[in-house]
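Data first, discussion second: the structure below is written as structure tokens.
2 protein chains.
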Amino acid sequence: MAISAAEVKLLREKTGAGMMDCKKALQESNGDMDKAIDYLRKKGLQKVEKKAGRTTQEGIIQPYIHPGSRLGILVEINCETDFVARTEDFLTFTKDVAMHVAAAKPIVVSREQMSQDVVDKELEIYRAQAREQGKPDHIIEKMITGKLEKFYQENCLLEQAFVKDPDKTIKDLLTELISKLGENIVIKRFVRFQLGE
Amino acid sequence: MAISAAEVKLLREKTGAGMMDCKKALQESNGDMDKAIDYLRKKGLQKVEKKAGRTTQEGIIQPYIHPGSRLGILVEINCETDFVARTEDFLTFTKDVAMHVAAAKPIVVSREQMSQDVVDKELEIYRAQAREQGKPDHIIEKMITGKLEKFYQENCLLEQAFVKDPDKTIKDLLTELISKLGENIVIKRFVRFQLGE
């Protein structure tokens, strides 16, 4: 299999292994980068492991700890350059998002990330609620579609109304910031720890 | 099915629903608490959702942000009383653990939490490395057991050498603290965000 110079370069950056080792690893792995890393590790290039997760993007990790320390948030927001990551606008946005997550309890960043299990369980509950209210079947399906839409709006960070300005969604805020700073900005991930949960 | 008063009380605490509703929900769910909560939600007791995750333990959520904000940690450490959670010793411990996680990159708190997939992949790599070195089969199995033990010690938080005092493990530190404060203390969970990982 033909391996491009760009692929070899990427594997070298990820692992620190030599050029010929990287080329061979990619050939043996049919061009699969993860398998090539495993191949190099098997050959004894143990250092690989440490470099594999190295930083490739700019942005910041922002915490928010609610007074009393019983609730804590960590958010990662990415941008394209370190310059933008240090601007007042970017830093204000990251703090606002972290505080928003504390108050609004999103489950995921965007609806594509909501697990099918969670969606199925919600649908089952809506259907049972609608039957409990004695609604006819042809109305039930319409009702549950509307309810699921509302569920997404309440539980996906990007679709939630911003707690400090409920006329805007987090997505609206993000779009404004991208337009102002002229760089792509992504809310990559968040975590929300509440004591004893 | 007979439902105990204690079970009804627990479901009431979790959901805020009335006593008779809780008893019926438990009977319909054969005593399964989670199913009983779903049952109450289906019956339209929507508030259930909000109270289900309420705090039952003491302790604190502790962040650590590395200078530059490219690396952030969030740790939850539980104890039995709020009094202990406010002591200097407890707070020092939580800060030490958060900083340790930043430096030592554990994967899980304890080895029981390490996923079988990760263990299997490590074993496969050790086996291939040993073969590469031309070791005979009867030695290989002994070698990989030793290597896996080392992997646990390097990647499970409780077994790691404490970065500020490598003669002690985190487990040692925790045991000392429990003995000093006279309360059970548990490192419940942590998360480690590194930019672009």
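Chains as they are written, first to last, in the numbering used here: chain A, 1 to 197; chain B, 198 to 394. Just so it is clear, CB atoms sit at the ideal spot from N, CA and C, and this is done for glycine as well. Everything numeric in this text was worked out from a predicted model, so none of it was measured.
{"Query": "The segment 65-79 of chain A: positions lying closer than 9 Å to chain B by Cβ", "Result": "ILE65, HIS66, GLY68, SER69, ARG70, LEU71, GLY72, ILE73, LEU74, VAL75, GLU76, ASN78"}
{"Query": "Straight-line Cα distance separating ALA295(B) from ARG389(B)", "Result": "9 Å"}
{"Query": "Of the residues ALA282(B), TYR236(B), VAL272(B), ASP229(B), the one placed nearest GLN254(B), counting alpha carbons only", "Result": "ALA282(B)"}
{"Query": "Buried versus exposed call for MET262(B) [16 or more other C-beta atoms within 10 Å across all chains shown]", "Result": "The displayed chain sequence assigns Ile, not Met, to residue 262(B). ILE262(B) is buried by the Cβ-count criterion."}
{"Query": "According to DSSP, residues forming a beta bridge with GLN62(A)", "Result": "VAL75(A)"}
{"Query": "Contacts around GLU7(A), its chain only, beta-carbon distance under 8 Å, and the 5 residues preceding and following it disregarded", "Result": "LEU26, GLY31, MET33"}
{"Query": "Endpoints, beta strand (DSSP E) assigned at VAL306(B)", "Result": "No beta strand (DSSP E) contains VAL306(B), which DSSP labels as neither H nor E."}
{"Query": "Bridge partners - CYS156(A), DSSP secondary structure assignment", "Result": "VAL108(A)"}
{"Query": "Coarse secondary structure for ALA17(A), derived from DSSP in three states", "Result": "coil"}
{"Query": "Cβ contact (3+ pairs, closer than 8 Å) linking the segment 127-141 of chain A and the segment 107-119 of chain A", "Result": "no"}
{"Query": "Proximal residues, the segment 164-191 of chain A versus chain B, C-beta separation under 8 Å", "Result": "ARG189, VAL191"}
{"Query": "Under 9 Å (Cβ pairs) to chain E, residues found in the segment 21-36 of chain A", "Result": "Considering every chain present, this structure includes no chain E. Its protein chains are A and B."}
{"Query": "According to DSSP, residues forming a beta bridge with ASP293(B)", "Result": "Answer is none; ASP293(B) lacks a bridge partner."}
{"Query": "Beta-carbon gap between GLU132(A) and LYS239(B) smaller than 8 Å", "Result": "yes"}
{"Query": "For THR372(B), the first and last residue of its enclosing beta strand (DSSP E)", "Result": "Premise fails: THR372(B) lies in the alpha helix (DSSP H), 367-378, not in any beta strand (DSSP E)."}
{"Query": "The segment 122-148 of chain A: positions lying closer than 7 Å to chain B by Cβ", "Result": "ILE125, ALA128, GLN129, GLU132"}
{"Query": "Cut-off 7 Å between Cβ atoms - residues of its own chain near THR284(B), not counting five sequence neighbours on either side", "Result": "LEU378"}
{"Query": "Exposure label - GLU373(B); buried when at least 16 CB within 10 Å", "Result": "exposed"}
{"Query": "Boundaries of the beta strand (DSSP E) in which GLN129(A) is found, first to last residue", "Result": "No beta strand (DSSP E) contains GLN129(A), which is instead part of the alpha helix (DSSP H) from 116-132."}
{"Query": "ASP293(B) versus LEU371(B) - alpha carbon distance", "Result": "11 Å"}
{"Query": "Coil, strand or helix - ALA161(A) by DSSP", "Result": "strand"}
{"Query": "Integer-rounded CB distance, given that ALA104(A) should sit under 8 Å from VAL163(A)", "Result": "6 Å"}
{"Query": "Reduced DSSP secondary structure (H/G/I, E/B, other) of GLN194(A)", "Result": "strand"}
{"Query": "Neighbour flag for LEU195(A) against chain B, beta carbons, 8 Å", "Result": "yes"}
{"Query": "Buried/exposed call for PHE83(A), threshold 16 Cβ in 10 Å", "Result": "exposed"}
{"Query": "Where ASP137(A) sits in the DSSP three-state scheme", "Result": "helix"}
{"Query": "Any C-beta of chain B under 8 Å from that of ILE107(A)", "Result": "no"}
{"Query": "Assigned exposure category for ASN184(A) - 16 Cβ within 10 Å defines buried", "Result": "exposed"}
{"Query": "ARG238(B) - DSSP class collapsed to helix/strand/coil", "Result": "helix"}
{"Query": "Pair within 8 Å by beta-carbon distance, GLY393(B) and LEU74(A)", "Result": "no"}
{"Query": "Through-space distance from LEU237(B) to TYR152(A), alpha-carbon basis", "Result": "21 Å"}
{"Query": "Check whether LEU148(A) and VAL108(A) have beta carbons under 8 Å apart", "Result": "no"}
{"Query": "Sub-8 Å separation of ALA327(B) and ILE341(B) beta-carbons", "Result": "yes"}
{"Query": "For GLY215(B) and LYS248(B), the rounded distance between their alpha carbons", "Result": "Any answer about LYS248(B) is weak, because its pLDDT of 39 lies below 50 and its placement is not dependable; what the coordinates show is given next. Computed Cα separation, rounded: 14 Å."}
{"Query": "7 Å CB neighbourhood of GLU76(A) in its chain, flanking five on each side removed", "Result": "GLY59, ILE61, LYS188, ARG189"}
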